[in-house]
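Below is one structure; the comments refer to it alone.
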Amino acid sequence: MEAFTQHQGLVVPLDRANVDTDAIIPKQFLKSIKRSGFGPNLFDEWRYMDHGEPGMDNSKRPVNPDFILNFPRYEGASVLLARENFGCGSSREHAPWALEDYGFKAVIAPSYADIFFNNCFKNGILPIVLDNKTMDVLFEEAESTEGYQLAIDLDKQTVTRPNGEVISFEVEPDRKHSLYNGLDDIGITLQQEQSITDYEEARKQRAPWLFS
Amino acid sequence: MAKTLYDKLWDDHLVAENPDGSALIYIDRQLLHEVTSPQAFEGLKIAGRKPRRIEANLATPDHNVPTTNNEREQGISGIADPISLIQVKTLDENCDEFGVTQFNIDDIRQGIVHVVGPEQGYTLPGLTMVCGDSHTATHGAFGAMAFGVGTSEVEHVLATQCLRQKKMKNMLVKVDGKLGYGVTAKDVVLAVIGEIGTAGGNGHAIEFAGTAIEELSMEGRMTICNMAIEAGARVGLVAVDDKTIEYVKGRPFAPQKEHWDMAVKAWNDLHTDEGAHFDTIVELKAEDIAPQVTWGTSPEMVKPVTGSIPNPLSEDNPVKKEGIERALEYMDLKADSAISSIPVDKVFIGSCTNSRIEDMREAAEVAKGRKVAASVKQAMVVPGSGLVKEQAEAEGLDKIFVEAGFEWREPGCSMCLAMNADRLEPGEHCASTSNRNFEGRQGQGGRTHLVSPAMAAAAAVYGHFTDVRDIEISSLRGGA
Ligand code: SF4
Chain W
7 MEAFTQHQGL VVPLDRANVD TDAIIPKQFL KSIKRSGFGP NLFDEWRYMD
57 HGEPGMDNSK RPVNPDFILN FPRYEGASVL LARENFGCGS SREHAPWALE
107 DYGFKAVIAP SYADIFFNNC FKNGILPIVL DNKTMDVLFE EAESTEGYQL
157 AIDLDKQTVT RPNGEVISFE VEPDRKHSLY NGLDDIGITL QQEQSITDYE
207 EARKQRAPWL FS
Chain U
399 MAKTLYDKLW DDHLVAENPD GSALIYIDRQ LLHEVTSPQA FEGLKIAGRK
449 PRRIEANLAT PDHNVPTTNN EREQGISGIA DPISLIQVKT LDENCDEFGV
499 TQFNIDDIRQ GIVHVVGPEQ GYTLPGLTMV CGDSHTATHG AFGAMAFGVG
549 TSEVEHVLAT QCLRQKKMKN MLVKVDGKLG YGVTAKDVVL AVIGEIGTAG
599 GNGHAIEFAG TAIEELSMEG RMTICNMAIE AGARVGLVAV DDKTIEYVKG
649 RPFAPQKEHW DMAVKAWNDL HTDEGAHFDT IVELKAEDIA PQVTWGTSPE
699 MVKPVTGSIP NPLSEDNPVK KEGIERALEY MDLKADSAIS SIPVDKVFIG
749 SCTNSRIEDM REAAEVAKGR KVAASVKQAM VVPGSGLVKE QAEAEGLDKI
799 FVEAGFEWRE PGCSMCLAMN ADRLEPGEHC ASTSNRNFEG RQGQGGRTHL
849 VSPAMAAAAA VYGHFTDVRD IEISSLRGGA
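Below is the structure:
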């Protein structure tokens with residue numbers, strides 16, 4: 007996994023609550039057996055005017071000019087502003103894969119669905135939680151200022167606005183550590199191999215029916 | 399100290415607590431399906447890692463398999479969509495290569511993972527269980543800590559049999575009283591989501607308790623836990639009682655002989671202790687719950703069938719108000735009109751929420767001796783597994799459905815998420831027993847209304863939503 011240390015990038019404001027994983031990446035694209043290539047189909051049903059299917063040449067499809075990601079001024083955005091409960095719905099990791107493949111490095115929202123939140127950290131995307139009042143300010147600025155950028159520093163746990171104001175955010179230490187160092191979760195867990203083996207032995211005694 | 403059921407399950411699976419506040423949790427069993435596992439197996443191969451306990455995994459294809467009898471007669475080669483075919487084939491190949499027990503597309507035991515697990519006794523009380531699918535909470539009906547994970551975690555469990563987790567908070571949803579005639583588990587859980595909202599359970603494990611929950615069958619409890627995720631909770635739970643143990647007994651993967659007695663003894667402790675602490679408590683009265691229908695694009699947008707569609711003008715919260723407006727536009731519905739006036743174009747009875755034998759029976763009771771309305775373009779019944787299908791056919795339910803004009807299909811997820819050919823056309827309204835009514839969930843532009851199996855069958859017969867309590871129901875259950 008790619009590490010996330012610092013990032014400064016163009017911000018796109020997606021002003022709706024409860025954006026679900028079906029909207030982030032519609033199910034027909036889940037048929038792929040790969041991890042990559044989902045970017046062109048991120049928000050597919052909102053982004054294009056026609057019905058998308060895997061294998062289509064996306065560059066030839068009619069785009070929806072009213073969808074915010076398609077506004078020329080947001081081209082190349084790498085920071086997504088969102089509203090409450092972003093990423094609700096299914097557990098599909100294809101959602102962060104699609105965000106990442108599109109070029110997003112961070113999402114900023116007042117709240118996330120649990121599984122999606124978790125999946126982001128496993129794929130090099132930093133999901134930042136900020137309160138509603140701050141979110142309103144960021145939305146307002148991103149909408150009114152062309153080329154609006156935010157600077158994010160994971161180590162310091164800060165988001166810096168163009169006017170220099172620094173906003174702090176919380177992140178759990180273990181998640182931060184893994185993301186900051188781009189660590190492989192399985193590798194970390196395997197360092198505790200002995201504890202797992204000990205646990206397994208004890209569990210075998212207590213619940214032998216699970217091991218027969 | 400008094401513990402909740404969730405506390406007990408957590409403590410019992412704690413491998414290590416880390417200084418950073420996270421914990422390593424042991425995962426007893428994992429369910430695999432074709433959509434979220436290929437990248438996990440690929441990850442293992444790339445890293446040159448071996449599965450730790452491959453026998454702790456059970457696989458079956460469900461999301462992508464066709465459900466028409468024609469296609470299924472030809473087994474795997476009957477899958478018309480070449481991309482779906484590759485995915486199902488990849489599952490076969492991975493299971494062969496790694497030695498995972500699989501119920502493949504031709505196996506009578508194949509079905510939706512969350513129907514198959516309990517049916518096989520693979521789901522047991524006291525387990526930790528995961529699957530790359532958010533509706534894994536279903537298995538919590540057995541007093542198991544079951545939750546959905548992403549593909550990286552599927553791989554993590556394959557490689558280590560553990561997951562790094564943070565303990566969730568405890569939430570109690572207590573439903574006391576007696577459910578009215580025609581009111582089912584599905585209506586209870588929709589009413590709960592209507593009450594607490596789709597983010598109400600975020601960060602919590604929800605235990606469902608109270609006399610109305612105790613009265614439910616195991617199928618009903620599974621329906622409730624299944625939709626815990628729609629209330630934002632990854633884990634749903636019901637305490638173990640005699641019904642749980644009776645249900646599990648004798649199933650293929652359940653403990654046998656001397657292990658059985660030992661297991662039952664351990665399982666009898668799987669309930670919340672008197673006086674244990676819950677961070678949040680929500681109480682509902684069973685008598686207040688009517689059959690429910692969702693009118694919008696989120697499961698919390700739900701009303702009793704006797705109610706009417708909300709008016710955005712009477713909503714003060716601007717985010718909610720906009721949500722209602724957007725939903726009304728997408729659903730093409732008018733504020734203040736009666737729920738019962740919504741016309742239905744298609745009907746889907748199935749999904750991991752409502753495709754078990756009891757659901758089939760409830761729908762058949764309404765369908766019996768009636769006909770699907772001429773205005774309804776398609777009504778389909780999709781059993782949750784090959785074994786549910788077999789049982790339903792033994793009871794003659796298939797004939798009731800077919801005579802009434804329903805299609806009787808082969809097991810799979812089908813139109814719950816429309817990954818295969820079963821889907822809505824733009825603009826169609828569907829009475830669906832599934833669990834999600836998001837925009838486009840059942841097909842781009844499709845409009846989903848979540849209901850119970852009996853309510854779905856009634857909508858099929860009348861062509862619009864109809865209160866099942868007003869319908870005379872023929873009892874299929876031995877003259878009771
Ligand atoms: S039936 Fe629907 S919700 Fe259940 S596992 Fe299948 S797709 Fe997911």
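Quick note, the sequences are listed as chains W and U, same order. Adding 6 to a residue's 1-based position in the first sequence gives its number in the working numbering. Adding 398 to a residue's 1-based position in the second sequence gives its number in the working numbering. The beta carbon of each residue, even a glycine, is placed where N, CA and C say it ideally should be. Since this is a predicted model, take the numbers as computed values, not measurements.
{"Item": "Just curious, the beta strand (DSSP E) that residue 744(U) is in, first and last residue?", "Value": "744-747"}
{"Item": "Enumerate in chain order the residues of its own chain whose CB-to-CB distance from residue 23(W) is below 7 Å, with the five nearest sequence positions on each side excluded.", "Value": "89, 90 and 91"}
{"Item": "Can you tell me whether residue 554(U) is helix, strand or coil according to DSSP?", "Value": "helix"}
{"Item": "Between the alpha carbons of residue 16(W) and residue 67(W), how many angstroms are there, rounded?", "Value": "25 Å"}
{"Item": "Just checking, does the region 653-673 of chain U make contact with the region 786-803 of chain U on the three C-beta pairs under 8 Å criterion?", "Value": "no"}
{"Item": "With a threshold of 8 Å between beta-carbons, can residue 155(W) be considered close to chain U, or not?", "Value": "no"}
{"Item": "Bridge partners for residue 429(U) per DSSP, in chain order?", "Value": "456(U) and 529(U)"}
{"Item": "My parser needs the alpha helix (DSSP H) runs of 4 or more residues fully inside the region 484-520 of chain U; what are they?", "Value": "511-517"}
{"Item": "Provide the residue(s) that pair with residue 703(U) in DSSP beta bridges, ordered along the chain.", "Value": "None, per the DSSP bridge assignment."}
{"Item": "Locate the beta strand (DSSP E) running through residue 606(U), then write down its first and last residues.", "Value": "602-607"}
{"Item": "Taking residue 210(W) as the query, report the chain U residues whose CB atoms sit under 9 Å from its CB, ordered along the chain.", "Value": "Those within 9 Å of residue 210(W) in chain U number zero; the least Cβ separation is about 11 Å."}
{"Item": "Between residue 12(W) and the rest of its own chain, which residues show a CB-CB distance below 6 Å, the 5 nearest in sequence each way excluded?", "Value": "159"}
{"Item": "Comparing the C-beta of residue 124(W) with each C-beta of chain U, is any distance below 8 Å?", "Value": "yes"}
{"Item": "When DSSP labels each residue in this structure, what does residue 847(U) get in the three-state scheme?", "Value": "strand"}
{"Item": "Indicate whether at least one CB of chain U lies closer than 8 Å to the CB of residue 214(W).", "Value": "yes"}
{"Item": "My assumption, with CB atoms under 8 Å, is that residue 747(U) sits in contact with residue 831(U). Please give the rounded CB distance.", "Value": "5 Å"}
{"Item": "For a test of the three-state rule: what should DSSP assign to residue 404(U), helix, strand or coil?", "Value": "helix"}
{"Item": "For residue 741(U), list the residues DSSP reports as bridge partners.", "Value": "862(U)"}
{"Item": "Using the beta-carbon count (16 or more within 10 Å), is residue 535(U) buried or exposed?", "Value": "buried"}
{"Item": "Enumerated in chain order, which unbroken segments of the beta strand (DSSP E) with a length of 3 residues or greater are wholly contained in the region 129-154 of chain W?", "Value": "132-135"}
{"Item": "Hey, quick one: how far does the beta strand (DSSP E) through residue 16(W) stretch, first residue to last?", "Value": "12-19"}
{"Item": "Mind pulling the chain U residues with CB within less than 7 Å of residue 91(W)?", "Value": "596 and 597"}
{"Item": "Considering only C-alpha positions, which residue in the set 417(U), 501(U) and 579(U) is nearest to residue 869(U)?", "Value": "579(U)"}
{"Item": "For residue 37(W), which residues in the same chain have their Cβ closer than 8 Å to its Cβ, ignoring the five residues on either side in sequence?", "Value": "60"}
{"Item": "Grab me the residues of residue 401(U)'s own chain with a C-beta within less than 8 Å of its C-beta, minus the 5 sequence neighbours each way, in chain order.", "Value": "409, 670, 671 and 674"}
{"Item": "I'd like to know whether the C-beta of residue 666(U) is nearer than 8 Å to at least one C-beta of chain W.", "Value": "no"}
{"Item": "Quick one: is residue 617(U) buried, meaning 16 or more other Cβ sit within 10 Å of its Cβ, or exposed?", "Value": "buried"}
{"Item": "Closest by CA to residue 70(W), which one among 50(W), 84(W) and 79(W)?", "Value": "50(W)"}
{"Item": "Helix, strand or coil: which one does DSSP assign to residue 827(U)?", "Value": "strand"}
{"Item": "So is residue 836(U) in contact with chain W if we call contact Cβ pairs under 8 Å?", "Value": "yes"}
{"Item": "Measure the alpha-carbon distance for residue 683(U) versus residue 622(U) and round it to whole angstroms.", "Value": "16 Å"}
{"Item": "May I have the straight-line CA-CA distance separating residue 593(U) from residue 681(U), to the nearest angstrom?", "Value": "10 Å"}
{"Item": "Indicate the three-state DSSP secondary structure (helix, strand or coil) for residue 759(U) in the structure shown.", "Value": "helix"}
{"Item": "If you run the structure through DSSP and keep just helix, strand and coil, what is residue 624(U)?", "Value": "helix"}
{"Item": "Using the rule of at least 16 other Cβ atoms within 10 Å of the residue's Cβ for burial, across every protein chain shown, is residue 212(W) buried or exposed?", "Value": "exposed"}
{"Item": "Is any heavy atom of the ligand SF4 found at a distance shorter than 7 Å from the C-beta of residue 531(U)?", "Value": "yes"}
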